[in-house]
Amino acid sequence: MKTFVIASLLSALSLAQTPAGCNGVLNTSPTLTLTPTPLKTVSNGQSWLMDDNTSNKLYIARVSGTHYQMGHALGELYGEEIAKNIRNLVDYGYGMFLYYSDLEAYIGAEWIRKAIYYSVVVDVLAFILDLNHIVTAPFTPIWFYEEMQGIQDGSRGKVKLEHLRRMNLISEFTRAHCTVVGAWGAATADNKLYHLRTLDWNPEAYLNEYPSLILYEPSIPGEQAYAEVAWLGIVGTITGMSKIGISIGEKVWYIKPGVQYSKYPTWSYFGEPWQLVLKDVLLKAKNMHDVERILTDTYRTAMIHLGVGSAVDNTFRGVEYASNDLIFYDDQNYTRYSTDYHPQYDNLFYYDRHVQPSASTCLKSIFDANYGSITPEMLYKTVGGYHKSGDATIVVMDPAGQKMWIGFSQHMATINAYERSPLYVDLTQFWGA
Ligand SMILES: *[C@@H]1O[C@H](CO)[C@@H](O)[C@H](O)[C@H]1NC(C)=O
Ligand SMILES: *[C@@H]1O[C@H](CO)[C@@H](O)[C@H](O)[C@H]1NC(C)=O
């Protein structure tokens, strides 16, 4: 009887606590502050590993110099791991191929299925990615090739440039949901700007064998130092933050029937791949005005949403980014507010993980209860956990303080990033001069 009362009390309590419209649970995994173990030092770089010995890992590097030199250092530091991660991606593709082709239903022998994938499908995919390279090359910044050439040379040939190039163009074809939150000023507990970027892709993508944080210190005048969170082998930017305090992340943008668009947005394959555009922003933007200018002047390809924070301007923008349109929104003028689902709050901008505008009340419930007391850990654990967003990666960025809270899905286990501990990283301990 007693147990029954306690059990029902507990369940009533947890029911009462689940924010309306959410179907996840609070992430209660403790935040980890791990001492980085130095791995290797080479002429233009250094590497470290954060590892709690229970599969919470982060491969870290700081590299400096020209883009070629930075790539070269990365190749020396992590050539073997990058080569392995390229194979991981190919192997992950096999699982996806089976899933989408339903090949198992009519080809019983695994060796035949593998032969079809590894000797035919992989070549077709490579061919498509090489075509994508041909059509994007005229718009592609030279640093992309320089860094990849450096990685190939630094790895002493373990990594092939064309493999890296293909790996880095896949995001022109994949679509990831994801959540974006920017909170600053009155919305946060300490008035600082925080940027949550969750990546909902697939928690089982084997790339998560090597989750990475790479700090780049380019020596070219006018370029900014910046850090990227991804997996070893990713050269472009999926999630990143510059040393002066610009943060950036993306989310796919799907057309939703019934929604009014000022211009009907389109997806194109001719232009600068979006991962490289994001890296250009971190490299070159000194403030939000620069971000707007760079994105405006770019030949854009994909349809994505962006979240961009700027500690320099102490503000945040949500962006609707398409090949033929580009719209910036702040916390006052987002055009898709709804009092029921997506109310306006000062100093808070967000896109939830669904197709926008979504009818989910989950984030509204969370922000109604937490407005004014938002902290980085609250963004990670409450938003990530209850909203079940960030199956592959979650990152909270503090662009002014140069801190990050980073989580990845667990390698070879189906454990989502949003269920796991955030690794707290103070980037100031890694930045060089
Ligand atoms: C992980 O194991 C290594 C080797 O046994 C040890 O040196 C290190 O302190 C451990 N790290 C943690 C966070 O427990
Ligand atoms: C919203 O306001 C920002 C300035 O805060 C401006 O740059 C942007 O163009 C505005 N967007 C719309 C859709 O009015």
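Counting in this note's numbering, the sequence shown runs from 74 upward without gaps. Where a beta carbon is used, it is the ideal one built from N, C-alpha and C, also for glycine. Source: prediction; values computed, not measured.
From the DSSP output, which residues share a beta bridge with residue i?
i: residue 289; result: 136, 299
i: residue 362; result: Answer by DSSP bridge pairing: none, since residue 362 is not bridged.
i: residue 119; result: 114, 135
i: residue 423; result: 254
i: residue 393; result: 378, 400
i: residue 418; result: 421
i: residue 383; result: 319, 388
i: residue 313; result: 301, 321
For residue i, which residues from the same chain have a beta carbon less than 7 Å from its beta carbon, with the 5 sequence-adjacent residues on both sides left out?
i: residue 199; result: 239
i: residue 158; result: 280, 282, 283, 304, 305, 306
i: residue 74; result: Only weak support is given to the placement of residue 74: the predicted model assigns it a pLDDT of 45, under 50, and the question is left unresolved by the model.
i: residue 88; result: For residue 88, the predicted model reports a pLDDT of 49, less than 50, meaning its position is unreliable and no value from the coordinates is stated.
i: residue 457; result: 100, 271, 463, 467, 491
i: residue 85; result: The predicted model places residue 85 with a pLDDT of 48, which falls under 50 and marks its position as unreliable, so this point remains unresolved.
i: residue 503; result: 133, 135, 288
i: residue 337; result: none
i: residue 327; result: 428
i: residue 505; result: 135, 137, 290
i: residue 90; result: none
Is the closest heavy atom of ligand 2 to the C-beta of residue i under 8 Å?
i: residue 191; result: no
i: residue 405; result: yes
i: residue 343; result: no
i: residue 160; result: no
i: residue 170; result: no
i: residue 402; result: yes
i: residue 450; result: no
i: residue 271; result: no
i: residue 409; result: no
i: residue 390; result: yes
i: residue 365; result: yes
CB-CB under 8 Å to residue i, same chain, minus the five flanking residues each way: which ones, in chain order?
i: residue 487; result: 276, 277
i: residue 374; result: 209, 245, 340, 341, 342, 343, 344, 345, 346, 347, 396
Grab me the residues of residue i's own chain with a C-beta within less than 6 Å of its C-beta, minus the 5 sequence neighbours each way, in chain order.
i: residue 495; result: 104, 453, 478, 480
i: residue 409; result: 430
i: residue 274; result: 249, 465
Check whether the Cβ of residue i sits closer than 8 Å to any heavy atom of ligand 3, and report yes or no.
i: residue 369; result: In the structure on display, ligand 3 does not appear, and the ligands it does have are ligand 1 and ligand 2.
Looking at residue i: is its Cβ nearer than 9 Å to the Cβ of residue j?
i: residue 421; j: residue 257; result: yes
i: residue 201; j: residue 246; result: yes
i: residue 379; j: residue 323; result: yes
i: residue 139; j: residue 243; result: no
i: residue 141; j: residue 235; result: no
i: residue 351; j: residue 317; result: no
Over the uninterrupted beta strand (DSSP E) stretch that includes residue i, give me the two end residues.
i: residue 343; result: Note, residue 343: premise wrong, no beta strand (DSSP E); not H, not E.
i: residue 270; result: 267-272
Which residues bound the alpha helix (DSSP H) around residue i?
i: residue 94; result: Element bounds for residue 94: n/a, residue is neither H nor E.
i: residue 441; result: 435-443
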